[in-house]
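Asks: In this note's numbering, each number is its position in the sequence shown, counted from 1, plus 10. Backbone N, C-alpha and C fix where the C-beta goes; we use that ideal spot for every residue, glycine too. Here it is, the structure, as structure tokens.
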Amino acid sequence: MTLTEKILRAHLVEGEFAPGKEIKIRIDQTLCQDATGTMAFLELEAMGVKRVKTELSVQYIDHNTLQIGPENPNDHIYLQSVCAAKGVYFSRPGNGICHQVHLERFGVPGKTLLGSDSHTPTGGGIGMLAMGAGGLDVAMAMAGVPFKLTCPRVVGIKLTGKLSAWVSAKDVILTVLSILGSQGNVGTSIEYFGPGVETLSVPERATITNMGAELGVTTSLFPSDNATKAFLEAEGRGASWQSLSADDGAEYSRVIEIDLSSLVPMAACPSNPGNVKPVSEIAGMAVSQVLIGSCTNSSLKDMRMVAKVLEGRHVSEKLSLGIAPGSRQVLKMLSSDGSLASMVGAGCRILESACGPCIGQGFSPASGTVSVRTFNRNFLNRTGTKNDQCYLVSPETAVATALTGVMTDPRTLGIECPKWEMPTEFMVDDGMVIAPPEKAGDIIRLETIGAPPECSPLPKRLEAEFIIKVGDKITTDHIMPAGAYLKYRSNIPRYSRFVFECFNKDGEPTFAEKAEAIKAKGLLGAVAGGMSFGQGSSREHAAICPMYLGVRLIVARSIERIIAANLVNFGILPLLFKDEADLEAIVPGTHIVIDGLTGQLHAGADIKAELIFPNGGKRSIVLTHTLSEEDCGLVLKGGRLRID
Ligand code: MIC
Ligand code: SF4
């Protein structure tokens, strides 16, 4: 058996292990972060759940920590009080990025983890089966409801050899992205195996599993071996360790072999993590800022390497270098071993241990300039600068670039690559984690905390007008921008003003205004899209806010896993074009009519529909979908927040 199969079988509640089939599994642990957590807990409250039923649930404050205006601190106060009331651990702002802290302090090999953040599979670095999901699915898991997923097919990546100097884990996952791409991998679990595995430490493995999210896979996993044991022991959690791996000769649906010693520094070029090239091909390009951190590359290993390279040197005057250590533990260790002094001495700007610039919270690059980041996403405009040019690289490439002022292959720096040794003891301090008290206190709901909106059932005859037609690889950042608008996450009416904001044109009605005009005509709204619609984050706001504006139908060529589940949860019907020509025929103002929707919408059944063009022309089309019978019923009723 593969490791995925072993863990899934041990948690199976309904269905059988058969790739492509729907299964339900028990969730042992959950995590939420603040930008998705408020909605998740409001939903948990709406379900009437008194106390969470998982083995462990943790709420982190890491995304919205800038506190520009009262919205963010109001969210934090609500979350702290609701966690105390419901039996959830609360990681305070300043304690670090959820995935880094969870790996350090809570993750357990062989357990299942569901998180309201797409990079939750970071936990696969210690052999957890960790998955991202929308807040509502995580709330249901906290309520003890089994999690429904499509049983994944398992792709094996066989690692051989050993990484060369200046080449690191980020280059491994960027190479995997260059092979598999960022679309077409839905319903897959990636398992790393082979002799190269033992040459990688847990932080390196976590970088690789973290960025599996950019492949669009369900999860990524490493075995739990002696390196895992050493990591957990250094965290004072040796008792959580168990040895876990796939059986020898386990069958994978596909095997990709990567010789680690053949890898070179890589970069994901603007504006998709799948657009990968060797750094040597873009070396010499002028750069205006370098940022090191995020849940992908902010471990002690990465930070110590960066500090060593910076020691006694100075950042180029052509750019700014910002560094955000991933957790308070990492920051404490850097301050005690002199690393922080090397960083500050080199002229770098130390940022809070939080997501920060990765989600557009500050450090936006100047217009028309290049930003080089060790992060995991470079979707257009995510930095907060319109038409940004963001490159994703390893910390080694980032620090080399920071010293020279231009994109630099670190192998050409002419200095010796620092060696990494896993400490036998990390500086463990859980002083910023609040354990839930025995007795629940009051839940504090300050004025900016709104309630999730409700949704009505879909009509028997669905008639909707296409508000927009978008292309391939539309990300949740296109649909629901974060950055400066992140603070409106708890206020759906306000946040929904920014749906598809990047496609708004000066002097023309916004998407929100067009949607409202359609609603005023008594029609539903629809969106047409291409391949891989909804790539990226788990933010359920990419479903809730369009639904709030009256959008009840998304028709695309393919739809990513997390958004598809979020759409159903919030009463939006996700359908697929069978014929690309039908998508091409759609122009703004086209109507779609589905007669007898309730009779037509069944698992595995095609849907007959008609397009009516603004010039009066008509076209009969056939659509398809991947919904189960249960999902069909749910979406018809208006999702999980329906008005019964
Ligand atoms: C992201 O990296 O896009 C985020 C911000 O962490 C999201 C969650 C969110 O939008 O709140 C994610 O990855 O799920
Ligand atoms: Fe935070 Fe960025 Fe990681 Fe998302 S990808 S969890 S915003 S650090």
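Contact defined as beta carbons within less than 8 angstroms: I believe L331 pairs with R359. What is the distance between those atoms, to the nearest angstrom?
Replies: 7 angstroms
Asks: Give the secondary structure of G47 by DSSP, where H, G and I count as helix, E and B as strand, and everything else as coil.
Replies: helix
Asks: So T238 packs on P119, CB below 8 angstroms; how close in whole Å?
Replies: 6 angstroms
Asks: Counting by C-beta, which residues lie closer than 5 angstroms to a heavy atom of the ligand MIC, in chain order?
Replies: Residues whose Cβ lies closer than 5 angstroms to any heavy atom of the ligand MIC, listed in chain order: A45, T46, D127, S128, I369, S547, S548 and R549.
Asks: Rounding to the nearest angstrom, what Cα-Cα distance links G673 and Q399 in this structure?
Replies: Any question about residue 673 goes unanswered here, given that the chain covers just 11 to 654.
Asks: When you measure from the CB of C305 to every non-hydrogen atom of the ligand SF4, does any distance come out below 6 angstroms?
Replies: Within the cutoff, so yes.
Asks: Could you tell me which uninterrupted alpha helix (DSSP H) segments, each at least 4 residues in length, are contained entirely in the region 175-263, listed from first to last along the chain?
Replies: 179-190, 212-220 and 236-244
Asks: Are the Cβ atoms of R571 and F587 separated by less than 7 angstroms?
Replies: no
Asks: For the region 153-160 against the region 248-256, are there 3 or more C-beta pairs whose distance is under 8 angstroms?
Replies: no
Asks: If we define contact as Cβ-Cβ less than 7 angstroms, is E526 a contact residue for chain B?
Replies: Included in the structure is just one protein chain, with no chain B present.
Asks: From V632 to V597, what distance separates their C-alpha atoms?
Replies: 18 angstroms
Asks: So is the beta-carbon of C365 under 6 angstroms away from any non-hydrogen atom of the ligand SF4?
Replies: yes
Asks: For S62, does the three-state DSSP call read helix, strand or coil?
Replies: In the sequence on display, residue 62 carries Val and not Ser. V62: coil per DSSP, three-state reduction.
Asks: Taking C-alpha atoms, which residue in I602, P556 and Y70 lies nearest to Y685?
Replies: Beyond the ends of the chain as shown, which are 11 and 654, falls residue 685; an answer cannot be given.
Asks: Would you say the beta carbon of N386 comes nearer than 6 angstroms to a heavy atom of the ligand SF4?
Replies: yes
Asks: With contact counted as at least three CB pairs below 8 angstroms, one residue from each stretch, are the region 202-209 and the region 302-311 in contact?
Replies: no
Asks: Between which residues of its own chain and K328 is the CB-CB distance below 6 angstroms, once the five residues before and five after are set aside?
Replies: G415
Asks: Can you give the Cα-Cα distance for C642 and D605, rounded to whole angstroms?
Replies: Between the C-alpha atoms of C642 and D605 there is a straight-line separation of about 16 angstroms.
Asks: May I have the straight-line CA-CA distance separating M541 from S345, to the nearest angstrom?
Replies: 46 angstroms
Asks: Does the Cβ-Cβ distance between P275 and D181 come in under 7 angstroms?
Replies: Contact check for P275 against D181 passes: the beta carbons are separated by less than 7 angstroms.
Asks: Can you tell me which of the three DSSP states K328 falls into?
Replies: coil
Asks: Compare the C-alpha of P283 against each of V297, V186, L270 and E214 and name the closest.
Replies: V186
Asks: Between which two residues does the alpha helix (DSSP H) carrying Q399 extend?
Replies: Run containing Q399: none in the alpha helix (DSSP H); it sits in the beta strand (DSSP E), Q399 to L402.
Asks: Could I get the ranges of all uninterrupted alpha helix (DSSP H) runs contained in the region 259-309, with 4 residues as the minimum, in chain order?
Replies: none
Asks: Please look up how many angstroms separate the CB atoms of G117 and L124, rounded, as I've assumed it's under 8 angstroms.
Replies: 13 angstroms between Cβ atoms; not a contact.
Asks: Looking at the ligand SF4, does it come within less than 6 angstroms of I107, judged from the CB to the closest heavy atom?
Replies: At least one heavy atom of the ligand SF4 is nearer than 6 angstroms to the Cβ of I107, so yes.
Asks: Determine the contact status of V409 and V319, defining contact as a CB-CB distance below 7 angstroms.
Replies: Closer than 7 angstroms, so yes.
Asks: According to DSSP, simplified to helix, strand and coil, what is F476?
Replies: strand
Asks: Can you tell me where the beta strand (DSSP E) with P584 in it begins and where it stops?
Replies: L583 to F587
Asks: In the DSSP assignment, find the alpha helix (DSSP H) that holds A595 and state where it starts and stops.
Replies: E590 to A595
Asks: So, helix, strand or coil for V380, using DSSP?
Replies: strand
Asks: Please report the residue range of the beta strand (DSSP E) in which H551 lies.
Replies: Here H551 belongs to no beta strand (DSSP E); instead the alpha helix (DSSP H) covers H551 to Y558.
Asks: Using 8 angstroms for Cβ pairs, my map puts G712 next to R338. What's the rounded Cβ distance?
Replies: The question about residue 712 has no answer here: the residues shown for the chain are numbered 11 through 654.
Asks: Express the C-alpha separation of Q371 and L139 in angstroms, rounding to a whole number.
Replies: 30 angstroms
Asks: Name the DSSP bridge partner or partners of R359?
Replies: G332
Asks: How should M221 be labelled, buried or exposed, when 16 other C-beta atoms within 10 angstroms of its C-beta is the threshold for buried?
Replies: buried
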